[in-house]
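Input: a single structure, listed below in structure tokens.
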DNA sequence: TGTTAGCACTCAGAGAGAACGAGTGCTAAC
DNA sequence: GTTAGCACTCGTTCTCTCTGAGTGCTAACA
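Residue numbers (the working numbering), protein chains in the order written: chain B, 1 to 349; chain S, 350 to 698.
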């Protein structure tokens, strides 16, 4: 059966009312609420049809209707109107983002935090893999006679460091030698192409300093592996406590624990196609994870540079305000892409 | 009135039973539970006395007794027996801590996380002020013709960095000049003694490069201010959902929000005397914050080095297992002090 | 043919009251 | 000083009824 305009309108009204109030919607309410000028009885007929088609459900005989998962899907695909973020929220976002520039990952973590504050949802953010970036400089800074610090800087300004203690005393000269060696071999090639063999071969280059060098090489390997992987940030997991869906405390707590583990969410996000700035809406059980069957995800990719994309996400109950969520996340995604554009190709700071 | 041994024993039993079950404790239960071999009636007399003295309270006539704040205080000061952390928990802690060495703040954040997992409490950790540490090296790494990265390394291995973009092109020579200038003036003196004047005076040294240098100087100032301040980490705020005290969802949520703000907790921790490794127990309204009147804090200082102390904390309901909490936090404190001892004065890595 | 008024029916939720039982304080006897 | 006995309190739980929002169906209407 094809959905007539009137049915569409009714479905939309029901869904939007339910999103707002979390209460089953009755025919009377719809009849009064708007300009269709139809009697409750007529609305009831239409609602019965919509239920038959699978877009609505009835918690029990004497309750109103509630959107089904298919109902939300139809709404999101065909009925949902565009929403615009309020100026106040935009201002808030801009304020939060205009703080000092810092490490990429920290910027992303902060966006995640702000997004959770603004949207009242649990937010996640995946940092890009840095397998395409290159080590720009590998510095060994002497701290005292028994310790030095290794600092790795990449061409997209990621800095990793680690302190080392040595058994014997070390001197600047040995450190210079090491760092020369390391810089020679490992800089200016993409992280993804650095292999364990390459790193290991360096061990043989200075056998007399092997004791000191091996831990440094392990560190390099660790950093390379780390950068080759994307990272998941999650903020505001306890925002779910704001939704009546999670009024049951045990349910809420175990869901928060499940979320904070991060594994499952990562799994879902991985399936988002890479390489284009776009928004995905995953409703309820569409995510194929029984623990999250009652939740929806809105995902949005963002661009770091031509070789790296990351992903932002909102997690909320199925009955979430998709209009607002989509508009919000798109704003954040755009802002973030823009910010990186500025950082990497923009004017002066 | 002085507390006889029998009264003490009864008080202890009541408190420990209440800590375990969160249910008011009746006379029958105490009479049966243990070897006092007294009848419920006798226990009731004693309980009435203890209530009169202010150590116990009655939620209502027909309920059992519940410890008062004064009761917990007396328990903590005089009755509480030593408890030893289980080997399993210790093992868990050691596993979590033996991962790679990294930035001090990150180690502390991780300890905070592990502590929250092991204890089921909300945990906080204050990183030490680094006002006594010194800038060891200030490096400017050229990234491309229009950008460079400033990296600051302190003598206790803290690394801060920031990316800068320049309007004109820059060359290695100018960067060398800058970094020479900066290193000359700012290294090897304690962070606390670096003044804004000192930083500003550098602006005049190379007027021709002022445009490029000023942002860097601002960054230096920012880092110095940051290091001069202690940082608060908080983990497991939603652990409070595990306690029946927070069965009311709204209460729980607003308390979590209040906690995560961090301000109030910082305020309380500030009052802990610095400079010695010790445990403080702050019960209920003793913390002087109405929002936290229903919670207790266990605080433990730890030592980074002779000039810097930090603080770990557990936050839970007043009815918390003080025995276990104290033992746990002391173990973590000791482990952390030890870890830093190793990092800064220990053998090889 | 679509719309509507009318009506019987369903069922969750609120409220009232009764029964229960855990616990108390007091008294009197041991 | 201790304990058995007993009346009393009061939160909790259960049952029952009542209420009202909402439904589906039927028959009349435009």
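We put the CB at the ideal spot given by N, CA and C, even for glycine.
| Asked | Found |
| --- | --- |
| Leaving out the 5 sequence neighbours to the left and right, which residues in its chain are closer than 6 Å to residue 64(B) when beta-carbon positions are compared? | 24, 25, 26 |
| Under the three-state reduction of DSSP, which class applies to residue 614(S): helix, strand or coil? | helix |
| Look up residue 161(B) in the DSSP assignment and say whether it is helix, strand or coil. | strand |
| Residue 602(S) CB to nearest chain B CB: under 9 Å? | yes |
| So if DSSP puts residue 125(B) in a beta bridge, which residue, or which two residues, is it bridged to? | 233(B), 312(B) |
| DSSP has residue 132(B) in a bridge; who is on the other side? | None, per the DSSP bridge assignment. |
| Per the DSSP calculation, residue 654(S) is bridged to which residue(s)? | 657(S) |
| Closer than 8 Å by C-beta to residue 359(B): which residues in its own chain qualify, once you throw out the five before and the five after it? Chain order, please. | Here chain B covers residues 1 to 349 and nothing more, so residue 359(B) does not appear. |
| With 16 as the cutoff for other CB atoms within 10 Å, does residue 348(B) come out buried or exposed? | Since pLDDT at residue 348(B) reaches only 43, below the 50 mark, its modelled position is unreliable, and no value is offered. |
| Per the DSSP calculation, residue 137(B) is bridged to which residue(s)? | 153(B) |
| Mind checking the segment 496 to 510 of chain S against chain B and listing, in chain order, the residues whose C-beta falls within less than 7 Å of any C-beta there? | 498, 500, 502, 504, 506, 508, 510 |
| Residues of chain B with CB closer than 7 Å to the CB of residue 540(S), please, in chain order. | Going along chain B, no residue has its Cβ under 7 Å from residue 540(S), so there is no contact; the nearest lies around 15 Å. |
| Taking the straight line between their C-alpha atoms, what separation do you get for residue 599(S) and residue 137(B)? | 51 Å |
| Could you tell me which residues DSSP pairs with residue 298(B) in its beta bridges? | 281(B), 314(B) |
| Please state whether DSSP places residue 497(S) in a helix, a strand or coil. | strand |
| Ignore the nearest five residues each way along the sequence and tell me which others in residue 80(B)'s own chain have a CB closer than 7 Å to its CB. | 322, 323 |
| Closer than 8 Å by beta-carbon distance: list the chain B residues that pair up with residue 591(S), in chain order. | 253 |
| Answer yes or no: does any C-beta atom of chain B fall closer than 9 Å to that of residue 605(S)? | yes |
| Can you tell me whether DSSP reads residue 387(S) as helix, strand or coil? | coil |
| Ignore the nearest five residues each way along the sequence and tell me which others in residue 559(S)'s own chain have a CB closer than 8 Å to its CB. | 552 |
| Given a limit of 8 Å on CB to CB distance, which residues of the segment 569 to 593 of chain S reach chain B? | 571, 586, 587, 590, 591 |
| So what does DSSP say about residue 172(B), is it helix, strand or coil? | helix |
| Note the first and the last residue of the continuous alpha helix (DSSP H) segment covering residue 359(S). | 354 to 370 |
| For residue 578(S), tell me which candidate among 597(S), 540(S), 549(S) has the shortest Cα-Cα distance. | 540(S) |
| With 9 Å set as the bound, which would you pick, yes or no: does the beta-carbon of residue 685(S) sit closer than that to a beta-carbon of chain B? | no |
| The alpha helix (DSSP H) with residue 198(B) in it runs from where to where? | 196 to 205 |
| Sorted by chain position, which residues of the same chain lie with C-beta nearer than 7 Å to residue 31(B)'s C-beta, five sequence neighbours on each side aside? | 38, 39, 40, 43 |
| How would you label residue 161(B), buried or exposed, when you count the other beta carbons within 10 angstroms and need 16 or more for buried? | buried |
| Using a Cβ-Cβ distance under 9 Å, would residue 494(S) count as near chain B? | no |
| Applying the 10 Å Cβ sphere with the 16-neighbour rule, what's the burial state of residue 411(S)? | exposed |
| State the beta-bridge partners of residue 441(S) as determined by DSSP. | None; residue 441(S) has no bridge partner. |
| Excluding the 5 residues preceding and the 5 following residue 362(S) in the sequence, name in chain order all residues of the same chain whose CB lies nearer than 7 Å to its CB. | 379, 382, 383 |
| Find the residues of chain B that neighbour residue 490(S), judging by a C-beta separation of less than 7 Å, and give them in chain order. | 136, 137, 153 |
| Apart from the five residues just before and just after residue 430(B), which ones in its own chain have a Cβ nearer than 7 Å to its Cβ? | What the structure shows of chain B is the stretch from 1 to 349, and residue 430(B) is not part of that stretch, so it cannot be assessed. |
| How about residue 690(S): is its Cβ closer than 8 Å to a heavy atom in the ligand MN? | The ligand content of the structure shown is nil, which means the ligand MN is not present either. |
| Anything in chain S within Cβ reach of residue 343(B), meaning under 9 Å, just list it in chain order. | 496, 512, 514 |
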